[in-house]
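One structure is given here, and the rest of the page talks about it.
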Amino acid sequence: MLSEVPSPGWRRCRWAVAALTFGLASLLAPTALGAAVAESHAWVDQPITGPWTPSTLIDEPKSRWREPLPAGFDSLSFPHFTGPDFNELFTTAELPNLSSISASPTITDSAEMDEQVRTEAVERGYQRRPLPADYALMRLIDDGLALQRPAAVAWLALEQDAAEHGFELELKSAYRGHRYQRAVFLRPFEAPYAFDDLAERLKMSAPPGYSKHHTGYAIDISQAGHAHFGSSPAYEWISADNFAIAKKHGWIPSYPPDGGRQGPVPEPWEFTYVGVEAILCFHQPPAGDDPLCNR
Ligand SMILES: [Zn+2]
Numbered sequence: 000m001l002s003e004v005p006s007p008g009w010r011r012c013r014w015a016v017a018a019l020t021f022g023l024a025s026l027l028a029p030t031a032l033g034a035a036v037a038e039s040h041a042w043v044d045q046p047i048t049g050p051w052t053p054s055t056l057i058d059e060p061k062s063r064w065r066e067p068l069p070a071g072f073d074s075l076s077f078p079h080f081t082g083p084d085f086n087e088l089f090t091t092a093e094l095p096n097l098s099s100i101s102a103s104p105t106i107t108d109s110a111e112m113d114e115q116v117r118t119e120a121v122e123r124g125y126q127r128r129p130l131p132a133d134y135a136l137m138r139l140i141d142d143g144l145a146l147q148r149p150a151a152v153a154w155l156a157l158e159q160d161a162a163e164h165g166f167e168l169e170l171k172s173a174y175r176g177h178r179y180q181r182a183v184f185l186r187p188f189e190a191p192y193a194f195d196d197l198a199e200r201l202k203m204s205a206p207p208g209y210s211k212h213h214t215g216y217a218i219d220i221s222q223a224g225h226a227h228f229g230s231s232p233a234y235e236w237i238s239a240d241n242f243a244i245a246k247k248h249g250w251i252p253s254y255p256p257d258g259g260r261q262g263p264v265p266e267p268w269e270f271t272y273v274g275v276e277a278i279l280c281f282h283q284p285p286a287g288d289d290p291l292c293n294r
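Numbering (numbering that gives the first Met the number 0), first residue to last: 0 to 294.
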């Protein structure tokens, strides 16, 4: 049954209504709205840079909102991870549809300045992250945010599980290209980018090329009606018992508390998808006795 998922036709219709409303509003208040749009475009600058069309919106049967789970899954207990474990798990997970890492994207107009940003970023623990290999394999979520397919279905499963427990989760950010991340990173600065407070900026934002959002496997989430996810009831639910709920859906905290040298300060709202099997089998020796981890 797909009754819970709005059809692509419905979404196209809704977009048309939104476009029409936007057009009318522009006519009525051209100056204020025009300025607001110009300002937002100045830094948003193509949030999604792939060849998506409405036909690539996620349209998965609800029964597939979870990856096939191992036998006896409900009685399995997840390993306990430290902050550095979580970071290593994402970096070493074998995730599909990722390209190899190419030359570092431009950050400012100055090669010398870019080198300074990259050096300080790496000192903080940021790592280069790959982009998707084939954008056609990705999925758009209802509001236009894109994720790799396994992450998209795992997000829907997590969202549904939360709803069943009385928490309304919202997806705030998903895949980001280099241009989008560059705009996010440079947002507080003005050309020619003196970077007086580069160290402060690196606590809050990855430079382009270094964001986990580039992979299409990272999400930023919030709980409706709560300004800070880290102090919301939904965060308490998802993070209890070493993030047991997140793990159950294949997600781990992206920048966990006590994560060590991991780039930004801990970000309770960001999660990365690695899959249930990777979580269960992390640190299992390759030739161990566990049949699950030796398939
Ligand atoms: Zn994020």
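From the three backbone atoms N, C-alpha and C, an ideal C-beta is built for every residue, glycine too.
- For Asp219, the Cβ falls inside the 7 angstroms cut-off from some heavy atom of ligand 1.
- Residue pairing from DSSP leaves Met112 without any beta-bridge partner.
- Counting C-beta atoms within 10 angstroms of its own C-beta, Thr90 has fewer than 16 neighbours from the protein chains shown and is therefore classed as exposed.
- In this structure, Phe228 sits away from Pro252, with a CB-CB distance that is not shorter than 8 angstroms.
- Excluding residues up to 5 positions away in sequence, Asp219, Ser221 lie with their Cβ nearer than 6 angstroms to the Cβ of Lys171 in the same chain.
- Classified as buried, His248 has 16 or more neighbouring CB atoms from the shown chains inside 10 Å of its CB.
- Residue state for Gln147 is assigned as strand, using DSSP reduced to three classes.
- Contact annotation, Ala150 with Tyr272: C-beta distance approximately 4 angstroms; criterion of less than 8 angstroms satisfied.
- Looking at the DSSP output, Asp84 sits in no beta bridge, so it has no partner there.
- For the beta strand (DSSP E) assignment, the uninterrupted runs of no fewer than 3 residues enclosed by the stretch 159-240 are, from N- to C-terminal side, 168-172, 217-222.
- Under the 10 Å beta carbon count, Leu75 is surrounded by fewer than 16 other beta carbons and is classified as exposed.
- The beta carbons of Pro78 and Arg181 sit about 37 angstroms from each other, so the pair does not count as a contact at 8 angstroms.
- Cβ-Cβ distances below 8 angstroms link Leu279 to Pro69, Leu75, Phe77, Pro78, Leu291, Cys292 in the same chain, with the five nearest sequence neighbours on each side left out; the list follows chain order.
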